[in-house]
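What follows is a short report on a single structure.
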Amino acid sequence: MKLKIDLHVHTSYSCDSLITPKELIFYAKNRGLDGVAVTDHDRLDGALKISEETDFLIIPGMEITSKDGHVIGLNVQEPVPPGLSADETVDRIHEAGGIAVACHPAVPFKGSLRKHVTSKFDAVEVINASAFPFHYSVRQGEKIASRLGKARVAGSDAHYGPEIGYAYTIVNAESEADEIIEAIRKCQCLPFGTAIPLKIRLKREFLALERKF
Ligand SMILES: [Zn+2]
Ligand SMILES: [Zn+2]
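Numbering (this note's numbering), first residue to last: 29 to 241.
Listed below in structure tokens is the structure:
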């Protein structure tokens, strides 16, 4: 079964995201996705809660602010603390039953891991639809993934509903979180997607600003 999954979405449980749980499901279905990974900044409770409250496929995850850059833990069963080294963070993700993704590994101004992406990681986020400059970031991600021989994945890094699904991963698996994670670990997946259009990004910035004042 080929599943279309956005592996990097922030909900309103991340302080900087505008996406409510309801909007998450609405936009994900609208974009023809089969599932999403909820990866809020340094918290897992929202992802777990949303996955319990819906029949839509949600992979619980978190984007951890490690000392060396952002790391995504997918399908973790318990939270991993921020502030550890990238190496320790990957170990803790594995202990929590998940896989470690080097998200936006070489994107400027995004808290990227760069040289801290090692063969300990399970996957590299080659396409991040929020990355700027986009094509440069994809090329750098591809280089890192092929150097390490790791699975190549994609996600939107959406913080605003209409951004969901601009990048996604096609995974060859049954529609269940554990199966999907296993397939990614075995590189049975491919990244797809484009940059989020400027118009949508600007709208998000505007709405985020409006919320602050
Ligand atoms: Zn990040
Ligand atoms: Zn993110």
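Note that CB positions come from ideal geometry on N, CA and C, so glycine has one too. Computed from a predicted model, the values in this text were never measured in an experiment.
Residue i beta carbon near ligand 2 (any heavy atom closer than 8 angstroms)
i	result
E91	yes
T39	no
T67	yes
H144	no
H122	no
DSSP-derived helix/strand/coil call for residue i
i	result
R59	coil
D68	strand
A159	coil
D34	strand
I47	coil
P219	strand
I78	helix
E204	coil
Pairwise C-alpha distance: residue j and residue i
i	j	result
V37	D68	7 angstroms
A205	I87	6 angstroms
E170	P107	29 angstroms
F54	L46	14 angstroms
H122	A128	7 angstroms
A179	L35	13 angstroms
F84	K32	13 angstroms
P49	H187	12 angstroms
S203	D150	20 angstroms
F220	F234	27 angstroms
L52	E210	24 angstroms
C215	A201	11 angstroms
Top-ranked residue by Cα proximity to residue i, from the options
i	options	result
D115	G101, V199, A236	G101
P132	N200, S147, S94, V152	According to the sequence displayed, residue 132 carries His and not Pro. Among N200, S147, S94, V152, the Cα nearest to that of H132 belongs to V152.
C43	N103, V104, E191, E91	E91
Y286	E233, R59, L237	Because the chain is modelled from 29 through 241, residue 286 falls outside the range shown and cannot be assessed.
R120	V99, I198, V145	V99
A56	S184, G74, A236, R229	S184
I212	T82, V199, E51	V199
H144	H163, I172, V166, I155	I172
A124	T117, G111, V135, V104	V104
E191	C217, T82, P225	P225
heavy atom of ligand 1 below 8 angstroms from residue i C-beta
i	result
K50	no
C131	yes
D185	yes
H163	no
G111	no
Cutoff 9 angstroms: residue i Cβ touching any chain D Cβ
i	result
G60	Chain labels in this structure do not include chain D; a single protein chain is all it has.
(request) List in chain order: all unbroken beta strand (DSSP E) runs of 3+ residues lying wholly within the segment 93-158. (result) 97-102, 127-130, 151-156
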